[in-house]
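The sequence shown maps to residues 5 to 153 in the numbering used here.
Every residue gets a Cβ at the ideal spot worked out from N, C-alpha and C, and that includes glycine.
A short write-up of the structure that comes next.
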Amino acid sequence: MRILTNISKTELNQLTNQPTAKAMIDKVKNEGVYIAEGDAQGAAEFVSKRNQEKSGVSLDISAEGLDALNKKKEIQVSETNEDDSKEEQIKKEIAKLEKELAEIRAKQKKSKDSDKALERKANAIVQQISALNMQLIQIEKNKSESGTV
């Protein structure tokens with residue numbers, strides 16, 4: 005029996021989706037590990053070797069790969085900082101709108117007659133505050149999902 009090792013999922017899909025199995029057969033013949041039929045000891049050795057490889061998971065990263073990983077981390081940190089500043093901007097905008105809404109409601113109470121323009125303006129501000137609160141919630145959700153709280 006021949007067993008293929010170190011084959012990626014995409015490579016396996018490519019080999020199995022071909023109309024003929026020629027490429028798969030060639031790969032198994034050239035790169036497969038051969039275990040003779042009835043060789044229980046050889047099969048046991050192969051299984052124990054594979055289990056050791058699975059349990060001792062290691063990863064070798066080239067210098068270029070490490071640089072790319074570090075750059076990705078830096079980008080994530082800068083995005084987090086942007087989210088923090090965006091979060092602060094939204095909070096400031098909400099505070100400003102709430103102050104403006106309080107002023108409009110105070111004017112409405114003084115005039116006692118329902119001024120349609122002030123009422124529309126108050127409703128628009130309430131909607132803006134709601135939209136900003138939704139954005140704030142989304143930012144906080146994204147931060148909690150990414151693990152940076």
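According to the DSSP assignment, residue 144 belongs to the alpha helix (DSSP H) that extends over 120-150. A straight-line Cα-Cα distance of about 14 Å links residue 134 and residue 104.
The beta-carbon separation of residue 126 and residue 108, rounded to 5 Å, stays under the 8 Å limit for a contact. Annotated as proximal: residue 19 and residue 31, with beta-carbon spacing under 8 Å. If you ignore the 5 residues before and after residue 54, its C-beta comes within less than 8 Å of the C-beta of 9, all in its own chain and listed in chain order.
The C-beta distance from residue 73 to residue 65 rounds to 7 Å, short enough to meet the 8 Å contact threshold.
Contact between residue 5 and residue 49 does not hold, since the beta-carbon distance rounds to 14 Å and is not under 8 Å.
With fewer than 16 other Cβ atoms inside 10 Å of its own Cβ, residue 141 counts as exposed. Here residue 29 is exposed: its Cβ has fewer than 16 other Cβ atoms, across all protein chains shown, within 10 Å.
Around the Cβ of residue 129, a 10 Å sphere holds 16 or more other Cβ atoms; the residue is buried.
Taking residue 111 as the centre and dropping the five residues before and after it, the same chain places the C-beta of 122 closer than 7 Å to its C-beta, in chain order.
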